[in-house]
Amino acid sequence: MIITLFGYMGCGKSSLGKLLAENLNYAFIDLDLHIENLHGMAVKDIFQLKGEVYFRKIESEILKKVCRTQANTVLSLGGGTPCYGNNLSFLKQNSLVRSFYIKLSTSVLSKRLKLSKKKRPLISEILDKDVEEFVSKHLFERSAYYNRADQIIDADHKSKEQIINEIKACLS
Numbered sequence: 246m247i248i249t250l251f252g253y254m255g256c257g258k259s260s261l262g263k264l265l266a267e268n269l270n271y272a273f274i275d276l277d278l279h280i281e282n283l284h285g286m287a288v289k290d291i292f293q294l295k296g297e298v299y300f301r302k303i304e305s306e307i308l309k310k311v312c313r314t315q316a317n318t319v320l321s322l323g324g325g326t327p328c329y330g331n332n333l334s335f336l337k338q339n340s341l342v343r344s345f346y347i348k349l350s351t352s353v354l355s356k357r358l359k360l361s362k363k364k365r366p367l368i369s370e371i372l373d374k375d376v377e378e379f380v381s382k383h384l385f386e387r388s389a390y391y392n393r394a395d396q397i398i399d400a401d402h403k404s405k406e407q408i409i410n411e412i413k414a415c416l417s
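FYI, the numbering for the sequence shown is 246 to 417, going by the numbering used here.
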């Protein structure tokens, strides 16, 4: 089984994915880091040098390859992965894939993102006072995709352990 975690940047996909994988004794793959390793450059550099269309194409190819070749893996997707191409349809049609949307409120996401703006090219130039409005608009655009996950995990005010236990309960 491939367990995919998706949601907006800052929702904890990578940290939760690592913990869940350890807990289940599964492998863990962060799709963005996997792409960076395969291409020898950071995602933001791929965007800058080759453009978003190129990035989304290789992201989709690598997502499909991972899902076809891996087993017993927790896969943390990039925030936009389910929103582009036929990625979401591919995940939904694959009987070996279970998808989980790690859902956080706009206010919680904004607080988290303000603390890590330098590491987030998408919001690094946005003033702190404007982050919540940006997140709200962007999340609204993506929520139609996120909400099609097999399971929606409301993660507001929950510990990582509580979220992991909720995901595990959905798997039984």
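Each residue gets a CB set at the ideal place from its N, CA and C atoms; glycine is no exception. Quick caveat: nothing in here was measured; it's all calculated off a predicted structure.
_Between the alpha carbons of M286 and L308, how many angstroms are there, rounded?_
18 Å
*Quick one, which of L269, K359, Y271 and V288 has its alpha-carbon nearest D277's?*
V288
*Output yes or no for whether 9 Å exceeds the beta carbon distance between F273 and I347.*
no
*If you scan the segment 246 to 306 from start to end, which runs of the alpha helix (DSSP H) of 4 or more residues do you find wholly inside it?*
258 to 269, 276 to 284 and 288 to 295
*Report all residues from its chain with a CB closer than 8 Å to the CB of T351; omit the five preceding and five following residues, and keep chain order.*
E377, V380, S381 and L384
*Determine the DSSP secondary structure at L341, reduced to helix, strand or coil.*
coil
*Given a cut-off of 9 Å, decide if I408 and G257 are closer than it, judged by their beta-carbon atoms.*
yes
_Alpha-carbon spacing of I303 relative to V342, whole angstroms_ = 20 Å
*Cβ of I323 within 9 Å of Cβ of R387?*
According to the sequence shown, residue 323 is Gly rather than Ile. No; because the gap between Cβ atoms is not below 9 Å, this pair is not in contact.
*Excluding sequence positions up to five away, which residues of its chain have a Cβ less than 7 Å from the Cβ of F335?*
K309
_Reduced DSSP category for K348 - H, G, I as helix; E, B as strand; rest coil_ = strand
*Classify A266 as buried or exposed, calling it buried when 16 or more other Cβ atoms lie within 10 Å of its own Cβ.*
buried
*Among S355, D399 and L333, which one has its Cα closest to the Cα of R393?*
L333
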